[in-house]
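First comes the structure, then the notes that go with it.
2 protein chains.
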Amino acid sequence: MSRSSTTSPARMDAHLHRRAKLQNGLLPGLIGSHLRRAETAVFERFQRIVADFGITPSEFGVLLLIHENAGLNQSDLGKAIRADRSTVVALIDRFEERKLVTRDPSPFDRRSHALRLTPAGEELMSDLIPLVKEHERSIASKLTREEQAQLIELLARLAN
Amino acid sequence: MSRSSTTSPARMDAHLHRRAKLQNGLLPGLIGSHLRRAETAVFERFQRIVADFGITPSEFGVLLLIHENAGLNQSDLGKAIRADRSTVVALIDRFEERKLVTRDPSPFDRRSHALRLTPAGEELMSDLIPLVKEHERSIASKLTREEQAQLIELLARLAN
DNA sequence: TATTGTTATACTCTATAACTATA
DNA sequence: TATAGTTATAGAGTATAACAATA
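Chain order of the listed sequences is A and B.
For my numbering, count along the first sequence from 1 and bump the result up by 27.
For my numbering, count along the second sequence from 1 and bump the result up by 27.
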């Protein structure tokens, strides 16, 4: 069992007595780690915006999907967000309680529900969408046009 | 209530009968969305690697933290991963059951437990760390040296 | 007084399996 | 037979509040 040279063979325990900054090991050197930090920073700002309206970022995503695809059914919504049908039931139950979404009978398939935003749901989205766009402008303003294009190209390459 | 031009005032319902691709609205245009896709792709590969060893990416992160900071206590671990003390109790309980981590008495504070990897835990990490490094090399190989530096610089700027 | 770890409890998110009503 | 939605149930993962031991 040969020891890797990065782990300092016989170093003393951390926290000998008081508050030493923790070592993070190999993580900070990884590209994935920089990706994660940037994504977290952007995500947290996004989160703060939607939290003011009482919803989470993933709830925003679902509402946007319903807003853009009025009448879709629960199964297709589940596929879009990669969630099980039973998960969607609970999710829509909560939105229904909050009067943001309705389940209408589908005109095409009597097994299905056509999902739609209520007027309150649409109003929520018409408040949120401009804020999200403003948020994006503020993110993008940290980079020149050229840098934005460069970043997106590099990210696309990582995503394959 | 003026309508934005992107939402097509009186469009027919989606899914009139069969399977239309869903509209994703404004999300695909956002920088955050490109960030997310790249991060997801990198994360999913990482996840597949550690899943072969029966752990999740966040569990890997915790084990790495203990590996790098042998003897740290539960509260400091909690601060590092931004989790409540009671959450750490449950987390370490699970690691203890799996014989990956031990709670030793702290030599400095009789309220505290000094966390350490067991030999099995260390062995797990010495299998995983080279795989993670190899994973990083394979990610990085999609970009030239110059592009890697550029990407990291831009990501750092987004993270502030 | 404040902090460390623990317990009891609860809420969210997620999934599986079995069911019904349709297709 | 297969699919859409539901229910019952269960397992992570998370948090809050109250507590004992210790600082």
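Glycine included, C-beta positions come from ideal geometry on N, C-alpha and C.
This one's a predicted model, so the numbers in the text were calculated from it and none came from an experiment.
**Prompt:** Is it the case that the Cβ atoms of Ala65 of chain B and Leu53 of chain A are separated by a distance below 7 angstroms?
**Reply:** no
**Prompt:** So who's on the other strand from Val89 of chain A, going by DSSP bridges?
**Reply:** DSSP, once it has assigned bridges, lists no residue as partnering Val89 of chain A.
**Request:** Under 8 angstroms by Cβ, that's how I've got Leu92 of chain B and Leu49 of chain A pegged, so tell me the actual separation to the nearest angstrom.
**Result:** 6 angstroms
**Asked** Residues of chain A with a CB under 9 angstroms from the CB of Leu144 of chain B: which are they?
**Response** Those do not exist, as Leu144 of chain B stays about 11 angstroms from chain A at its closest Cβ, beyond 9 angstroms.
**Request:** Taking a Cβ distance cut-off of 8 angstroms, strictly less, list which residues of the region 64 to 82 of chain A are near chain B, in chain order.
**Result:** Arg64, Ala65, Glu66, Thr67, Ala68, Val69, Phe70, Phe73
**Message:** So for Arg64 of chain B, helix, strand or coil by DSSP?
**Reply:** helix
**Request:** Can you give me, in chain order, the residues of the region 166 to 187 of chain B that have a beta carbon less than 8 angstroms from any beta carbon in chain A?
**Result:** Ile166, Ala167, Lys169, Leu170, Glu174, Gln175, Gln177, Leu178, Ile179, Leu181, Leu182, Ala183, Arg184, Leu185, Ala186, Asn187
**Asked** Exposed or buried, Thr171 of chain B, counting other C-beta atoms within 10 Å across all chains shown (16 or more means buried)?
**Response** exposed
**Prompt:** Whose C-beta lies closer than 8 angstroms to the C-beta of His94 of chain B among residues of the same chain, with five residues either side of it excluded?
**Reply:** Leu144, Gly148, Glu149, Met152
**Asked** Can you tell which of A:Ile82, A:Gln101, A:Ala78, A:His140 has the C-alpha that lies nearest to the C-alpha of Thr114 of chain A?
**Response** A:Gln101
**Asked** Does any C-beta atom of chain B lie closer than 7 angstroms to the C-beta of Leu57 of chain A?
**Response** yes
**Item:** C-alpha distance - Ser29 of chain A paired with Asp154 of chain B, whole-angstrom precision
**Value:** Its pLDDT being 35, under 50, Ser29 of chain A is placed unreliably by the model, and nothing is read from it.
**Item:** N-terminal and C-terminal residue of the alpha helix (DSSP H) that Thr114 of chain B is part of
**Value:** 112 to 124
**Message:** Checking the sheet assignment: what are the DSSP bridge partners for His140 of chain B?
**Reply:** B:Pro132
**Asked** Any Cβ of chain A within less than 7 angstroms of the Cβ of Ala110 of chain B?
**Response** no
**Request:** Please compile the residues from chain B whose C-beta is within a distance smaller than 8 angstroms of the C-beta of Asp120 of chain A.
**Result:** Those do not exist, as Asp120 of chain A stays about 21 angstroms from chain B at its closest Cβ, beyond 8 angstroms.
**Request:** Note down, in chain order, every chain A residue with its Cβ under 7 angstroms from the Cβ of Val159 of chain B.
**Result:** Leu53
**Message:** Please report the distance separating the alpha-carbon of Gly98 of chain A from that of Gly81 of chain A.
**Reply:** 24 angstroms
**Asked** Ala107 of chain B versus chain A: which residues are under 8 angstroms apart at the beta carbon?
**Response** Leu49
**Proximity to Arg121 of chain B [Cα-Cα], best of B:Arg109, B:Leu90, B:Asn96** = B:Leu90
**Request:** Determine the contact status of Ile166 of chain B and Ile58 of chain A, defining contact as a CB-CB distance below 7 angstroms.
**Result:** yes
**Request:** Assign Ser139 of chain A to one of two classes, buried (16 or more other C-beta atoms within 10 Å of its C-beta) or exposed (fewer than that).
**Result:** buried
**Asked** Using the beta-carbon count (16 or more within 10 Å), is Val69 of chain B buried or exposed?
**Response** buried
**Message:** Give me the subset of the region 115 to 139 of chain B whose CB atoms are less than 9 angstroms from a CB atom of chain A, sorted by chain position.
**Reply:** Ser133, Pro134, Phe135, Asp136, Ser139
**Request:** Please report the residue range of the alpha helix (DSSP H) in which Gln50 of chain B lies.
**Result:** Gln50 of chain B -> no alpha helix (DSSP H), and no H or E assigned at all.
**Request:** Decide if Val116 of chain A is buried, meaning its Cβ has at least 16 other Cβ atoms within 10 Å, or exposed.
**Result:** exposed
**Prompt:** How would you call Ala141 of chain A, buried or exposed, if buried means at least 16 neighbouring beta carbons within 10 angstroms?
**Reply:** buried
**Request:** Show which residues of chain A have a CB atom less than 7 angstroms away from the CB atom of Thr91 of chain B.
**Result:** The residue asked about is misnamed: residue 91 of chain B is Leu in this sequence, not Thr. Those within 7 angstroms of Leu91 of chain B in chain A are Gly52, Leu54.
**Request:** Would you tell me roughly how many angstroms separate the C-alpha atoms of Phe73 of chain A and Arg63 of chain A, rounded to the nearest one?
**Result:** 15 angstroms
**Item:** Spatial neighbours of Glu123 of chain B in its chain, beta-carbon cut-off 8 angstroms, leaving aside the 5 residues before and after
**Value:** Thr129, Arg130
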